[in-house]
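What follows is a short report on a single structure.
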Amino acid sequence: MADIGTDIQRAAAYLTQGDLVAIPTETVYGLAANAYDEAAVVKIFEAKNRPAFDPLIVHTHSIAQIATIAREVPDVAYKLAEKFMPGPLTLILPKAERVPLLVTSGHDSVGVRIPRHPLTLELLRQLPFPLAAPSANPFGYVSPTTAQHVQDQLGDRIPYILDGGACPVGIESTIIRVTGEEIEVLRLGGLALEELAEVVQISKAKIKTSSSNPDAPGMLSSHYNPGKKVFLGEVGEHLKSIGDTSRVGIISLKEKFAGIPVQHQIQLSASGDLQEAARNLFSALRQLDTPTVDTILAERMPDQGLGRAINDRLQRASFQEE
Ligand code: TXA
Ligand code: MG
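As numbered in our numbering, the sequence shown has no gaps in its residue numbers, which increase by one up to the final residue, 1513.
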């Protein structure tokens, strides 16, 4: 990596003059702009081809700064923030007046998060404004977990990518909406429900992450499209129904399948570790988005820990428009 101080200074200079910068976070790379500069935020929607109805998360360095982005921070939100921030958690809170409606797609609420990546945290500390940032991928495609992923797809549309290496969590933040005392899970993500349950009670009714979730407008069922047909389920069973398997790609937790070219098979974690699996998921989907593969068969992960978020992404990737 080049001189880190200089990299952060360059990123800060672009952002200050209203340009976009791709930033590393512990979850995925974000495509950032000054959240308070509408002309800069517009560039995010343009670069991603993102529809205006899909709100952006605002990134900041401290709970104190969250209190200037949200007009109200309920006690339970403080409790969650103190326990899990910086980290892979986004809180949806009532928005402060100063946050442009463009950022929140007209909603009276705003998503806030403190990313746990040293480069981006330092960048945020140096800037006098928070950063609006969605994942740094073209709308509807798989999120990027390396600077190269961003370069491959958006390199010619953004002036600078702050390279912070591979994202250690690898799957987007868990999104929680807090309304007074009430909390709801709008997106499964890098913070496991089991960890959240140590701090707040989460009943099934509070988990609103169905495949087409009107509460989290960006959570369309057809997201995370890797450019191929994806089937989620029992890989071994599915293989039996396919005659010619030479153009099949496989994503499994650790199982290997005889008769399938090795370069078409990806095991997400040899030891069956679901955190490692989450870290490798999006790279795997990109790797199988290759001309020699027509169909991806993905194994359903155990319904626990980050397995739930992985299944959610694979489910969306497998959604076929009617
Ligand atoms: O880990 C992450 O959250 C990454 C990194 C870059 O921080 N960001 C990310 O952003 O995944 P994005 O834009 O790809 O997904 C954010 C989603 C939106 O699609 C939307 O569903 C939800 O967050 N969201 C944001 N603001 C919201 C709001 N005010 N109300 C409801 N949902 C909101
Ligand atoms: Mg996204």
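Here a beta-carbon is modelled for each residue, glycine too, at the ideal position from N, C-alpha and C.
All values derive from a computational prediction rather than experimental measurement.
- Our two residues, Ala1449 and Gln1506, have alpha carbons roughly 25 Å apart in a direct line.
- A distance below 6 Å between beta-carbons, with the five flanking residues on each side excluded, links Glu1375 to the following residues of its chain, in chain order: Arg1368, Lys1397 and Lys1399.
- Taking a contact as a CB-CB distance under 8 Å, the pair Pro1350 and Gly1221 does not count as one, their CB atoms being some 15 Å apart.
- The ligand MG never approaches Pro1306 closely enough for any of its heavy atoms to be under 8 Å from the residue's Cβ.
- Within the chosen limit of 8 Å, the ligand TXA reaches the beta carbon of His1298 through at least one heavy atom.
- Close CB contacts of His1308 within its chain, under the 7 Å cut and outside five residues either way in sequence, are with Pro1215, Thr1216, Glu1217 and Gly1355 (chain order).
- For Leu1318, the Cβ stays outside the 8 Å cut-off from all heavy atoms of the ligand TXA.
- No Cβ-Cβ contact shorter than 9 Å links Ile1366 with Gly1346.
- If you ignore the 5 residues before and after Thr1251, its C-beta comes within less than 7 Å of the C-beta of Ile1257, Ile1260, Val1303, Ile1305, Leu1315 and Pro1321, all in its own chain and listed in chain order.
- Using a cutoff of 8 Å, the CB of Gly1380 counts as near the ligand TXA, since one of the ligand's heavy atoms is closer than that.
- With 16 or more other Cβ atoms inside 10 Å of its own Cβ, Arg1504 counts as buried.
- With a cutoff of 9 Å on beta-carbon distance, Leu1488 and Leu1430 are scored as near each other.
- Excluding its 5 nearest sequence neighbours in each direction, Thr1295 has C-beta neighbours in its own chain below 7 Å: Pro1246, Lys1286 and Val1301, listed in chain order.
- Burial is judged here by how many other beta carbons sit within 10 angstroms of a residue's own beta carbon; Lys1420 has fewer than 16 and is exposed.
- Ranking Gln1317, Ile1254 and Ala1272 by CA distance to the CA of Thr1197 puts Gln1317 first.
- When distances are taken from the beta-carbon of Ser1474 to the heavy atoms of the ligand MG, even the shortest one reaches 8 Å or more.
- As DSSP reads the structure, Ser1300 sits in a beta bridge with Pro1285.
- When Asn1416, Ala1226 and Val1267 are compared, the shortest CA-CA separation from Gly1331 is found for Asn1416.
- Residue pairing by DSSP places Leu1423 opposite Ala1489 in a beta bridge.
- In this structure the stretch 1205-1212 touches the stretch 1221-1240; the number of beta carbon pairs closer than 8 Å is three or more.
- The C-alpha of Thr1436 lies about 32 Å from the C-alpha of Val1219.
- The Cβ atoms of Ser1334 and Ile1352 do not sit closer than 9 Å to each other.
- Across the structure, Leu1293 and Gly1434 are spaced so that their CA atoms are roughly 50 Å apart.
- The beta carbon of Glu1263 sits closer than 6 Å to those of Pro1285, all from its chain and outside the five residues before and after it, given in chain order.
- Sixteen is the threshold: since fewer than 16 other Cβ atoms of the shown chains lie within 10 Å of the Cβ of Arg1289, the residue is exposed.
- DSSP places Gly1418 in the coil class of the three-state scheme, outside both helix and strand.
- Gln1458 sits in a strand when the DSSP states are folded into three classes.
- For Gly1196, the enclosing alpha helix (DSSP H) begins and ends at Ile1195 to Thr1207.
- Asn1471: not part of any beta strand (DSSP E); member of the alpha helix (DSSP H) spanning Leu1465 to Gln1478, first to last residue.
- Contact residues of the ligand MG (beta-carbon closer than 6 Å to any heavy atom; chain order) are Pro1325, Ser1326 and Ser1334.
- Look at Ile1283: its beta carbon is less than 8 Å from one of the heavy atoms in the ligand TXA.
- Excluding its 5 nearest sequence neighbours in each direction, Ala1202 has C-beta neighbours in its own chain below 8 Å: Val1212, Ile1214, Leu1314, Tyr1351 and Leu1353, listed in chain order.
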